[in-house]
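Structure, as structure tokens:
Numbering (the numbering used here), first residue to last: 345 to 714.
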């Protein structure tokens with residue numbers, strides 16, 4: 345769009361100094377959870393001649409560093425301290441105290457001082473005890489659809505990839521041409537795949553997804569589960585699969601390359617996001633799955649509810665193993681539902697959640713502040 349973009353972040357974790365042609369400054373920092381502290385941040389920020397400063401989630405360190413220059417905050421989520429971190433149990437009174445201190449001493453002072461607030465979804469903002477008191481503009485997260493399409497197009501020639509791709513302008517295929525699976529697939533024996541993608545921590549609710557496996561496999565013996573990602577819960581979750589005697593049906597991959605991830609989305613029958621906390625305010629993996637024409641199942645929680653409808657997936661009450669199992673079975677049993685939901689999801693991402701559409705909304709907001 346003709347704008348000069350500079351990214352300022354910490355060196356936690358290490359990363360490239362340039363991505364897609366965008367300069368990135370990575371400053372040494374102290375690893376404070378969620379808010380790494382950068383020494384002499386103000387001095388370093390002053391070296392950058394910016395018209396607008398846009399930060400993600402409230403940061404008192406960043407807010408003080410930019411002085412009186414226009415500041416936009418994207419408020420991603422409230423703080424919700426988990427009942428435990430690893431083996432460390434956190435008592436409810438202490439969790440409540442931390443939440444209160446975060447709100448009074450951290451979040452509200454920063455939101456009071458900024459020039460504009462972006463919420464990624466209306467349902468999350470309206471249900472937030474903090475954000476509901478502020479004026480905000482809803483601009484959702486988005487994905488770069490072109491990157492997904494490039495991988496999908498490249499993989500169409502491999503028969504092992506289940507292609508749900510329907511003709512569209514992006515690929516310049518003949519109108520209405522379809523690439524179907526199962527009945528016309530060279531691999532009719534391919535197993536239904538249930539996919540999870542994300543960090544393996546308690547708030548993602550992965551335990552409840554794994555607990556659906558005995559019933560789902562009983563109903564659909566060919567079904568297989570794939571858990572993509574890593575985190576502190578991995579060992580416990582792997583032990584749970586053995587306890588439930590489903591370890592042969594559940595595969596943990598750890599982190600995988602982007603190209604492999606896109607292929608896995610496209611090959612899967614359904615993506616499941618069973619999150620159970622307010623730290624899950626949106627669910628970018630839902631958009632990624634939809635971009636690959638894969639139906640989604642997600643917990644019925646604020647933020648996520650704005651993305652998932654009966655047209656592109658199913659919503660289930662958090663922590664409901666029975667509800668989750670029924671939703672999974674209902675989708676993987678019905679090939680027509682997989683195709684129709686996949687197409688609706690793809691259309692939604694094309695129209696509302698791609699970088700071009702969302703980027704224009706952000707630029708319009710910037711212009712109001714300059």
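Glycine included, every Cβ here is placed at the ideal spot set by N, Cα and C.
Quantities reported herein were computed from a predicted structural model and do not represent experimental measurements.
Ranked by how close their Cα comes to the Cα of residue 535, the residues 570, 543 and 556 have 570 in first place. Nearest neighbour of residue 410 by Cα position, chosen from 388, 420 and 424, turns out to be 388. About 4 Å separates the CB atoms of residue 549 and residue 618; that is less than 8 Å, so the two are in contact. Note on the segment 522-599: whole beta strand (DSSP E) runs with a minimum of 3 residues are 537-541, 568-572 and 594-598, in chain order. Close CB contacts of residue 400 within its chain, under the 7 Å cut and outside five residues either way in sequence, are with 418 and 420 (chain order). Residue range 397-400 is occupied by the beta strand (DSSP E) that includes residue 399. Fewer than three beta-carbon pairs drawn from the segment 603-617 and the segment 576-594 are found closer than 8 Å, and the two stretches are therefore not classed as touching.
Here residue 567 is actually not in contact with residue 590; their C-beta atoms are around 10 Å apart, not less than 8 Å. If the five residues before and after residue 709 are omitted, its C-beta is found closer than 8 Å to the C-beta atoms of 416, 460, 462, 481 and 483, all from its own chain and listed in chain order.
Within 10 angstroms of the beta-carbon of residue 397 lie 16 or more other beta-carbons, which makes it buried. When secondary structure is reduced to three states using DSSP, residue 711 falls in the helix class. Judged by their CB atoms, residue 369 and residue 349 are not nearer to each other than the 8 Å cut-off. A contact between stretches requires three or more CB pairs, one per stretch, nearer than 8 Å, and the segment 463-474 fails this requirement with the segment 669-681.
Take the alpha-carbon of residue 644 and the one of residue 661: they are about 5 Å apart. Classified as buried, residue 624 has 16 or more neighbouring CB atoms from the shown chains inside 10 Å of its CB. Residues of the same chain with a CB within less than 6 Å of the CB of residue 488, apart from the 5 flanking positions on each side, are 699 in chain order. Here residue 602 carries a helix assignment [DSSP, helix/strand/coil]. From the listed residues 477, 712, 648 and 635, the smallest Cα separation to residue 494 is found for 635. Burial of residue 458 is indicated by the presence of at least 16 other C-beta atoms within 10 angstroms of its C-beta. Taking the Cβ atoms as the reference, residue 423 lies roughly 30 Å from residue 395, outside the contact range of under 8 Å. Annotation: residue 629 is outside any beta strand (DSSP E); the continuous alpha helix (DSSP H) that includes it extends over 628-635.
If you check the CB distance, residue 497 and residue 616 do not come in under 8 Å. With respect to the C-alpha of residue 676, the residue from 639, 604, 599 and 586 having the closest C-alpha is 639. Approximately 13 Å separates the beta-carbon atoms of residue 574 and residue 605; this is outside 8 Å, ruling out the contact. Only buried fits residue 537, as 16 or more other CB atoms lie within 10 angstroms of its CB. Beta-carbon to beta-carbon, residue 381 and residue 392 are separated by about 19 Å, too far to satisfy the 8 Å threshold. In the structure shown, residue 482 falls within a strand segment according to DSSP collapsed to helix, strand and coil.
Taking 8 Å as the cut-off, the Cβ atoms of residue 425 and residue 413 do not count as close.
Its Cα nearest to that of residue 629, the residue 693 stands out among 576, 592, 474 and 693. Rounded to whole angstroms, the gap between the alpha carbons of residue 641 and residue 705 is 28 Å. For the 8 Å CB-CB criterion, residue 614 and residue 627 do not form a contact.
For the 8 Å CB-CB criterion, residue 620 and residue 542 do not form a contact. Residue 406 and residue 622 have their C-alpha atoms some 24 Å from each other. Boundaries of the beta strand (DSSP E) harbouring residue 463: 460-463, taken from the DSSP string. By the neighbour-count definition (other C-beta atoms within 10 Å, threshold 16), residue 554 is a buried residue.
Under DSSP, residue 642 shares a beta bridge with 617 and 659.
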